[in-house]
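Reviewing the structure listed below.
In this note's numbering, the protein residues as written are 1 to 437.
Take a look at the structure:
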């Protein structure tokens, strides 16, 4: 064993986790490729709120590095973090534009939410919440995330499009993006079925190459673009904590905390089940450390100049390619740092080229439904509600909420109420209040 491999073995316990350096590197590349879109999408959304695009772009990258490294070294899990989709839209369109809150104050709100998140993470409360989720709901959440990310993949490929009459409809299968995605889906599916290492990454790369043929993949516009630190200074440490502490901001802080907490919990449970991390009781070891890493990412992200940082469901793509340790996260972080200098190269990978990876991973995560007790309808109904609500409402937290509300009710009225953890009843009431108020 080489010195480098020996060091990595000692730090990340590769052999213990049935993996090796090559597998972890491939998994890191795969995860990065499926989530690299956030480098450009997040600044695009936050710039609508008046934030400078280039500054947010750098903040997005640096906060992803911070959060992912925290996860890698605190937990040794292969989970990547970055500014959360949905949460960034809430930040820009609901808080800044809708409520008229200056973006500096909104960053202060994110910082305070992150501090509350850290406090909860170092106490038993958050780990208790994650581990109190019934096994049926954990399975439903995992499968629901699979449906959700597959739905995102189909959207990115224009295979599924919006429709005023039916909400969604089939897109033009002969459009450029759809052809790229369908080509990639077949290639990725065949490679994965043949157990080719790095099948998801190969699918992304071959889809990108295919995109050059039909014009979906843009032409090279150079390889290297040096980051301008002056751009970052426009958002770095620009948060207004004092104004965020006003009484009128309490509800906004709690809203961010609530959504972040359960989005993260759902992602951790879903991807952890896919990776085989849940123990015999269905609990996630080192849950509190994973949640702390998420909180560190959010707090640091606010200081850097971006919205809430959260664990990414796209981490499942790396897990699908064999990633099992924090070394996957280190590779993802290194690639994010390189993206600072190779933004033109990263930018040529079209969304349609990453769609096959999301669809295939969604397929793999759906296999978890075989773990449900199909003979017990009180287990099936809550799991199904969590599963179906996620893609249809475009929200992991809404799916979790529906599952938590339905689960204790059907158990209670079928004489099985005593089998439900008391915290599940409490959370059901909290979720119901969240929808009512």
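Idealized CB from N, CA, C, for every residue including glycine.
Please read all numbers here as calculations on a predicted model, not as lab measurements.
Next on the checklist: Between which two residues does the alpha helix (DSSP H) holding residue 396 run?
Outcome noted: 396 to 412
Checklist entry - Quick one: what does DSSP say residue 63 is sitting in, helix, strand or coil? => result helix
Next on the checklist: On a Cα-Cα basis, can you pick out the residue from 28, 242, 291 and 106 that is closest to residue 319?
Outcome noted: 28
Checklist entry - Whose CA, out of 354, 208, 394 and 165, lies closest to the CA of residue 153? => result 354
Item to check | Under 8 Å between C-beta atoms of residue 129 and residue 386 | outcome: no
Next on the checklist: Please identify the residue among 51, 10 and 117 whose C-alpha is closest to the C-alpha of residue 290.
Outcome noted: 117
Checklist entry - Just the Cα atoms here: how many angstroms apart are residue 63 and residue 233? => result 14 Å
Next on the checklist: Looking only at its chain, what residues have a beta carbon closer than 7 Å to the beta carbon of residue 379, apart from the 5 residues adjacent to it on each side?
Outcome noted: 136, 372 and 373
Item to check | Cβ shell of residue 240 (< 6 Å), same chain only, five flanking positions each side left out | outcome: 104, 105 and 108
Next on the checklist: When you compare the CB positions of residue 46 and residue 92, do they come within less than 8 Å of one another, or not?
Outcome noted: yes
Checklist entry - Taking buried to mean at least 16 other C-beta atoms within 10 Å of its own C-beta, is residue 24 buried or exposed? => result buried
Item to check | Which listed residue (189, 157 and 436) has its alpha carbon closest to that of residue 523 | outcome: Only positions 1 to 437 of the chain appear in this structure, which leaves residue 523 out of reach.
Next on the checklist: Looking at residue 49: is its Cβ nearer than 8 Å to the Cβ of residue 297?
Outcome noted: no
Checklist entry - What does a CB cutoff of less than 8 Å around residue 253 pick up in its chain, not counting 5 residues either side in sequence? => result 109, 112, 113, 116 and 244
Next on the checklist: Using 8 Å for Cβ pairs, my map puts residue 43 next to residue 184. What's the rounded Cβ distance?
Outcome noted: Not quite, the Cβ-Cβ distance comes to about 26 Å (not below 8 Å), so this is no contact.
Next on the checklist: Taking only three categories from DSSP, how would you classify residue 8?
Outcome noted: helix
Checklist entry - Over what stretch of residues does the alpha helix (DSSP H) that includes residue 160 continue unbroken? => result Per DSSP, residue 160 belongs to no alpha helix (DSSP H); it is in the beta strand (DSSP E), 160 to 163.
Next on the checklist: Please identify the residue among 414, 26, 54 and 330 whose C-alpha is closest to the C-alpha of residue 205.
Outcome noted: 26
Item to check | Reduced DSSP secondary structure (H/G/I, E/B, other) of residue 349 | outcome: coil
Next on the checklist: Measuring CB atoms only, is the stretch 203 to 220 touching the stretch 83 to 103, in the sense that at least three cross pairs come out at less than 8 Å?
Outcome noted: no
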